[in-house]
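Participant:
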Amino acid sequence: MTFFIVDDSAVLRTIVKSTLLSYGYKDTIEAEDGEDALKKFNTLNKKVSLFILDVNMPNLNGLELLEEIRKKDSKTPIIMLTTESDKEKMILAKELGATGWIIKPFDKEKFIKIIEMLIKK
Ligand SMILES: [Mg+2]
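So for the sequence shown, our numbering puts the first residue at 1; every next one is plus one.
1) At a cut-off of 7 Å, would you count Asn56 as near ligand 1, judging by its Cβ distance to the nearest heavy atom?
2) Going by the C-beta, is Ser85 closer than 7 Å to any heavy atom of ligand 1?
3) Is the beta carbon of Ile103 closer than 8 Å to that of Glu84?
4) Thinking C-alpha only, which one of Leu81, Thr82 and Leu66 is nearest Lys75?
5) If we count the other Cβ atoms within 10 Å of its Cβ and call it buried at 16 or more, is Tyr23 buried or exposed?
6) Grab the span of the beta strand (DSSP E) containing Val16 for me, first residue to last.
7) Tell whether a beta-carbon distance below 8 Å holds between Thr99 and Ile79.
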């Protein structure tokens, strides 16, 4: 299982990473914004099990990144990390091929439940 975490907040990346780790998921790739993520995604030599993308990021935002990933990968689940105020963006994300979204701040148990439901599909 490889999880690809993209968020411009290092704190949030650490929270996601440690949550995954506490449930036994050790293999994560991190990127600090969409541009960094795309660079890493394009040179990746393994399969990603699930993407976790922040929406609001500098350079390339989460929606733009989502669109780029979907050009090359139509199947891997993509979860958007969002805030309560991003509802319109979430509708757009769905249209662009996002699998679902999780509102920050999130409950760790619920977060893992959603993640596990998606990777077991
Ligand atoms: Mg952000």
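Cβ coordinates follow ideal geometry from the N, Cα and C atoms, glycine included.
Facilitator: According to the structure data:
1) Yes.
2) False, no ligand heavy atom lies under 7 Å from that Cβ.
3) In contact: Glu84 and Ile103 (Cβ atoms closer than 8 Å).
4) For Lys75, the nearest C-alpha among the options comes from Leu66.
5) Its Cβ having fewer than 16 others within 10 Å, Tyr23 is exposed.
6) It is not in any beta strand (DSSP E) - Val16 instead sits in the alpha helix (DSSP H) that spans Ala10 to Ser22.
7) A contact, by the Cβ cut-off of 8 Å.
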